[in-house]
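A short worksheet on the structure shown next.
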Amino acid sequence: MRGQPGTHDTALVREFFDSLTVTTETSPRVVCIPEFDKSRFHGEGDRVPRDEWRRVPVSLDSPVDVLVLEGWCVGFQPLSEQAIEAKWTAAKAQSPESGADSESGFPTQTLQNHELSSYYTINASLRNYCDMFMGPQHLDFLVHLDTDDLANVYRWRMQQEHALRRVKNQGMTDEEVVAFVKGYMPAYELYLDQVREGIFRGLSEEERARKGQARVVLGQDRTVLDIVGY
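All letters in the sequence shown, in the order written, are residues 102 to 331 by this note's numbering.
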């Protein structure tokens with residue numbers, strides 16, 4: 102299962118990262134790399150069965166040099182409850198109930214559509230994620246693929262689903278994509294500004310010197326519009 106923080110298999114996350122650690126007290130092992138298939142369950146996606154995961158041998162003589170952790174909410178960091186309430190209150194006052202952008206027609210302002218308590222729950226789960234495996238203290242470098250228009254999240258997912266239907270005869274309709282992506286949009290509204298400011302800014306100068314971030318801004322056709330280094 103995947104979605105907002107709180108819907109992921111954190112036990113599997115812990116098992117996977119633990120399996121990468123090899124010391125003189127542990128014997129060589131084979132690490133199974135979890136895999137996700139977006140085409141499963143009519144485009145909603147699901148984890149590939151474990152026996153189909155790629156297997157990589159790991160030992161002291163052959164350690165893992167680079168690990169790329171890809172995820173739509175990697176880089177998001179929890180806010181205070183006061184900050185969440187302020188964003189939610191502003192959204193309730195300013196946004197139409199549909200949240201639809203006046204130019205694109207896609208919902209990019211959605212905070213007002215859910216209860217404040219739901220965001221507190223998501224935020225608590227995100228805090229747990231950051232403490233466990235994806236906070237800035239755990240990462241060496243972040244490549245943030247951003248866009249100049251959040252409506253592109255809908256457009257790009259529709260393109261993916263069209264391709265899936267051509268290749269696998271499985272995939273969501275455009276209407277299903279809108280409903281699906283809309284469920285993710287509140288997190289962008291809450292946490293995206295922090296990522297754009299740089300996720301390592303809260304660390305000490307010495308720690309920041311060992312880390313880095315690149316923000317790659319993409320236009321609707323995926324042309325690179327800007328690259329910002331932190």
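Yeah, the Cβ is synthetic: ideal placement off N, Cα and C, and Gly gets one too.
Chain-order list of residues whose beta-carbon lies under 6 Å from that of residue i (same chain, five-residue window excluded)
| i | result |
| --- | --- |
| residue 153 | none |
| residue 292 | 177 |
| residue 278 | 258, 259, 262 |
| residue 273 | 144, 262 |
Sequence-distant residues of its chain with Cβ nearer than 8 Å to residue i (five each side left out)
| i | result |
| --- | --- |
| residue 309 | 301, 302 |
| residue 269 | 140 |
| residue 328 | 315, 316, 317, 318 |
| residue 146 | 103, 137, 138, 139, 140 |
Exposed unless 16 or more other CB atoms sit within 10 angstroms - verdict on residue i
| i | result |
| --- | --- |
| residue 233 | exposed |
| residue 260 | exposed |
| residue 161 | exposed |
| residue 242 | exposed |
| residue 246 | exposed |
| residue 207 | buried |
| residue 265 | buried |
7 Å Cβ shell around residue i - same chain, five flanking residues per side excluded
| i | result |
| --- | --- |
| residue 135 | 113, 117, 148, 154 |
| residue 282 | 254, 255, 258 |
| residue 189 | 212, 217, 220 |
Test: residue i CB closer than 9 Å to a CB of chain C
| i | result |
| --- | --- |
| residue 271 | The question asks about chain C, but that chain is absent: this structure has only one protein chain. |
CB contact flag (residue i, residue j, <9 Å)
| i | j | result |
| --- | --- | --- |
| residue 275 | residue 262 | yes |
| residue 150 | residue 129 | no |
| residue 230 | residue 124 | no |
| residue 170 | residue 240 | yes |
| residue 313 | residue 285 | no |
| residue 287 | residue 220 | yes |
| residue 174 | residue 271 | no |
| residue 320 | residue 248 | yes |
Unbroken beta strand (DSSP E) run spanning residue i, endpoints
| i | result |
| --- | --- |
| residue 215 | Segment: none, residue 215 is in no beta strand (DSSP E) and carries neither H nor E. |
| residue 115 | Element bounds for residue 115: not the beta strand (DSSP E) but the alpha helix (DSSP H), 111-120. |
| residue 302 | Where residue 302 is concerned, there is no enclosing beta strand (DSSP E), given that its DSSP letter is neither H nor E. |
| residue 260 | Looking at the DSSP string, residue 260 is not in any beta strand (DSSP E); the run it does join, the alpha helix (DSSP H), is 252-269. |
| residue 319 | 313-319 |
| residue 234 | Neither: residue 234 is in no beta strand (DSSP E) and is coded neither H nor E. |
| residue 330 | 325-330 |
| residue 242 | 242-248 |
Residue i, enclosing alpha helix (DSSP H) - first and last residue
| i | result |
| --- | --- |
| residue 281 | 275-283 |
| residue 294 | 286-298 |
Counting only runs that start and end within the stretch 153-198, where is the alpha helix (DSSP H) found for 4 or more residues in a row? 182-195
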